[in-house]
Amino acid sequence: MGKKISILIVDDEESVRDSLYSWFIEDGYHVECAENAKKALTIFESGQFDIVLADIKMPGMDGLEMFRRIKALNQASIVIIMTAFATVDTAVKALKDGAFDYITKPFDPDDLTHLIRNATKQISLTDENEILKQKVVSLECVEDLIGNSEAMKNVLREVESVAQTNSSVIITGESGTGKELVARAIHANSPRKFFPFVSVHCGALTESLLESELFGHEKGAFTGAMYNRKGRFEMADSGSIFLDEIATISNKMQVELLRVLETKTFIRVGGNKEISSDFRVICATNKDLRNMVDKGTFREDLFYRLNVVNIHIPPLRERMADIPLLVNYFISKYCTSMNKQPIAIDPSAMKRLQDFNFPGNIRELENMIERAIVVGDGKKISLRDLPLEKNIVPNAAESLDDFERAFILQILTKYSWNISRTAKALKVDRVTLYNKIRKYDLKQAD
Amino acid sequence: MNLQNITLISFGYFEKDFLEKTAEAVRLEFVCSANIREGHIDLSDFYDPGRRQYNGDKLLRQIDAMAFPDSVKVIGLFNIDLFIPILTFIYGQAFLGGRSGIASHYRLSNEPYGMVMDKKILLDRFRKEVIHELGHAFGLIHCYQPTCVMRSSTYVEDIDQKEQHLCLTCRTQLGV
């Protein structure tokens, strides 16, 4: 048994109160008794009981009126009506008004035990449900969507407005920009948030596997189908389904997907029964679907069905202002998960990160910070903790001079400032390299 | 912990061997001495003609009022159909953490359920019921261990499922 259940017994007969008190106290419950409704309400208000066992017929306020007042005080409390045969009709009325159950005096010990067991089960399920709801909210909240840049603020605004609707959404953006996070944020802010969010990575599955994964299959539908299995569309009933890398699905699957999206019904592989499911579709791709439609590799009708709302997530290089915020967020996230004290980042390392173009986007930055925390000295993230030797390329928005400066510096660093080797790698002579070093004021300590 | 002496008072006819074996089980379980006495009360005072049963609450209070200065716990043993006002029947009851308890083998026998009398089963059930009620008198509440004698039983089949002994948790709580 988890928490100690508290029971309030309300009956004008002392022998009934005493008997029930003894019975429940032996079961380890916290029990209190009241001889009338007025006293019971006073006790209830001060103690908030989980279960109230109330007689219907009592002098003064009757059990039904007391039941209504208890429900007004605490909707979640469970009220069980005790009644004699003559008042069963009244008890049935109480049931219709929301009483948990009624029991006719005298009770069979087993009936009473089962009734209380069911009531305690209901209490623990309600508590558990509440805890899980809170966990779901905390798990799926949008805190991972970090960004103060105008580009990111636009994305968040779009997420907020589209979440409340039932429209299909296509999320576009380069790999590693956080498309699934945006999809989760849409789901977490939608009225479907307490129902499943089912994610399918279309690119990772062959056509037949994807078909079985999405629609489910019946036992014996194919070799290895030993059991009936629910498909992802079925699992996403009342929730959202996220189809990642939608551009990779075959023509046949495109046709099937279009039919499912239009009818919200499907048949399991090897089955003959039509199954309906109420789901919302959120897709993601890093390809240009419009271009694919023009080339004839993606069905136009499916494109229009999916592309009701399009949210484009900008690559990290287009929102470099968010880098310090993201870096600090990842430092805090990984220090917490690795049980380490939060550490700072050296300004020169931060500057270098802001100069990096991140072809792998946020995923690359996140991995870089995680690695730096693992390999670093635990005090500060410095330049040497960051794997930035390769691919230092300034932002596209910056000048050719900036590009040249950063590139020469990268190669110089790679060859430990060995001028001959660097010049050879850059395919220029040593004099030219010296001139460039002078021109850009490059220093070894930089 | 020395649980001292427990008195078992029989009311009505009981075979001597039946009582001895019950007392022996109590001795072993609570690591104490247990003596048997014969009691005499007018049961008609506790009879409810409307229910054709005997009021367990009143009987328990009667047992509790009896003076047994040499005993730390007292349990009345009966062969009558017991009830308490709110329940259709009980096998027995005790004051939780109190001094007294009662137990009846009326509904523990196979006969009321249309089966052949089995003395061994009856003795087995009765010993469990007596130990169970004494456990309450020693302050133990119902236990969730399936085989512990302190598990709540509302059917004789439930009693058959459990053992005659306290589980480790209950024994630890009792200090035996």
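Residue numbers (this note's numbering), protein chains in the order written: chain R, 2 to 447; chain U, 20 to 195. We put the beta carbon where it would ideally sit given N, CA and C, even for glycine. Small disclaimer: the values here were computed from a predicted structure and weren't measured.
Nearest-angstrom Cα distance between residue i and residue j?
i, j, result
"U:Phe-33", "U:Ala-42", "13 Å"
"U:Phe-131", "U:Val-168", "Correcting the residue identity first, residue 131 of chain U is Pro in this sequence and not Phe. Answer to the nearest angstrom: the Cα atoms are 23 Å apart."
"R:Phe-223", "R:Val-261", "22 Å"
"U:Thr-173", "R:Val-160", "57 Å"
"R:Glu-181", "R:Phe-408", "33 Å"
"R:Asn-149", "R:Gly-377", "28 Å"
"R:Gly-204", "R:Gly-297", "19 Å"
"R:His-218", "U:Lys-138", "58 Å"
"R:Asp-238", "R:Phe-196", "8 Å"
"R:Arg-1", "R:Leu-327", "It is not possible to answer for residue 1 of chain R, since the shown part of chain R is limited to 2 through 447."
"R:Ile-172", "R:Arg-422", "46 Å"
"R:Arg-406", "R:Met-351", "18 Å"
"R:Ile-187", "R:Val-163", "7 Å"
"R:Asn-155", "R:His-313", "10 Å"
"R:Ala-450", "R:Glu-246", "A query on residue 450 of chain R cannot be resolved here, the shown segment of chain R reaching from 2 to 447 and no further."
"R:Pro-360", "R:Ile-324", "14 Å"
"R:Asn-287", "R:Thr-249", "10 Å"
"R:Asp-356", "R:Ser-169", "37 Å"
"R:Asp-51", "U:Ser-171", "21 Å"
"R:Arg-306", "R:Met-254", "14 Å"
"U:Gln-183", "U:Leu-78", "25 Å"
"R:Asn-362", "R:Asn-311", "20 Å"
"U:Ala-86", "U:Asn-54", "15 Å"
"R:Ser-16", "U:Asp-67", "14 Å"
"R:Ser-20", "R:Val-32", "12 Å"
"R:Ile-132", "R:Gln-76", "18 Å"
"R:Asn-167", "R:Gly-48", "44 Å"
"R:Ser-209", "R:Met-227", "16 Å"
"R:Lys-444", "R:Ala-424", "16 Å"
"R:Ala-184", "R:Phe-243", "7 Å"
"U:Ser-29", "U:Glu-176", "25 Å"
Just verifying my parser: in three-state terms, what is the DSSP assignment at residue i?
i, result
"U:Val-195", "coil"
"R:Ile-346", "strand"
"R:Tyr-22", "helix"
"U:Asn-54", "strand"
"R:Thr-121", "helix"
"R:Gln-445", "coil"
"U:Ser-171", "coil"
"U:Leu-27", "strand"
"R:Leu-434", "helix"
"U:Ala-122", "strand"
"U:Ala-113", "strand"
"R:Asn-329", "helix"
"U:Tyr-32", "coil"
"U:Val-93", "strand"
"R:Tyr-335", "helix"
"U:Tyr-132", "helix"
"U:Gln-72", "strand"
"R:Phe-223", "coil"
"U:Lys-138", "helix"
"R:Asn-155", "helix"
"R:Val-376", "helix"
Please list the partners that residue i has in chain A, where partner means a Cβ-to-Cβ separation under 7 Å.
i, result
"R:Glu-27", "Considering every chain present, this structure includes no chain A. Its protein chains are R and U."
At what residue ranges does the segment 262–309 of chain R contain a whole run of the beta strand (DSSP E), taking only runs of 3 or more?
266–268, 275–277, 281–286
*asked:* Quick check on the DSSP output: what are the complete beta strand (DSSP E) runs of length 3 or more inside the segment 29–114 of chain R, in order along the chain?
replied: 31–35, 52–56, 79–84, 102–105
>> Would the segment 81–99 of chain R count as touching the segment 55–72 of chain R if we require 3 or more Cβ pairs under 8 Å?
In response: yes
request  = Report yes or no: do the segment 424–438 of chain R and the segment 72–84 of chain U share at least 3 C-beta pairs separated by less than 8 Å?
outcome  = no
When you check each C-beta in the segment 100–134 of chain R against every C-beta of chain U, which residues fall closer than 8 Å? Lys-106, Pro-107, Phe-108, Asp-109, Pro-110, Asp-111, Leu-113, Thr-114
Give the residues from the segment 193–210 of chain R that approach chain U closer than 8 Å (Cβ to any Cβ), ordered along the chain.
none
query = Would the segment 325–345 of chain R and the segment 209–218 of chain R be scored as touching if the rule is three or more Cβ pairs under 8 Å?
reply = no
Query - Three CB pairs or more closer than 8 Å across the segment 271–287 of chain R and the segment 121–130 of chain R - result: no
- [ ] Starting from the N-terminal side, write out each stretch of the alpha helix (DSSP H) that is 4 residues or longer and does not extend beyond the segment 231–258 of chain R.
- [x] 233–236
Practice prompt. Please list the residues of the segment 11–24 of chain R that have a C-beta atom closer than 8 Å to any C-beta atom in chain U, keeping them in chain order.
Written response: Glu-14, Ser-16, Val-17, Asp-19, Ser-20, Leu-21, Ser-23, Trp-24
Practice problem: Using a Cβ-Cβ cut-off of less than 7 Å, give me the residues of the segment 62–81 of chain U that come near chain R, in sequence order. | Solution: Asp-76
Requested in this report: Give, in chain order, every residue of the segment 165–181 of chain U whose Cβ lies closer than 8 Å to some Cβ of chain R.
Outcome: Ser-171, Thr-173, Tyr-174
Item to complete: Pull out every residue of the segment 22–33 of chain U whose Cβ sits closer than 9 Å to any Cβ of chain R, in chain order.
Response: none
inquiry  = Count Cβ pairs between the segment 49–62 of chain U and the segment 409–421 of chain R that sit closer than 8 Å; are there 3 or more?
reply    = no
Item to complete: Determine, using beta-carbon pairs with one atom in the segment 27–41 of chain R and one in the segment 153–167 of chain U, whether at least three such pairs fall under 8 Å.
Response: yes
Any chance the segment 112–121 of chain U sits against the segment 140–147 of chain U, with 3 or more Cβ pairs inside 8 Å? no
### Proximal residues, the segment 81–108 of chain U versus chain R, C-beta separation under 8 Å
Phe-102, Ile-103, Pro-104, Ile-105, Leu-106, Thr-107, Phe-108
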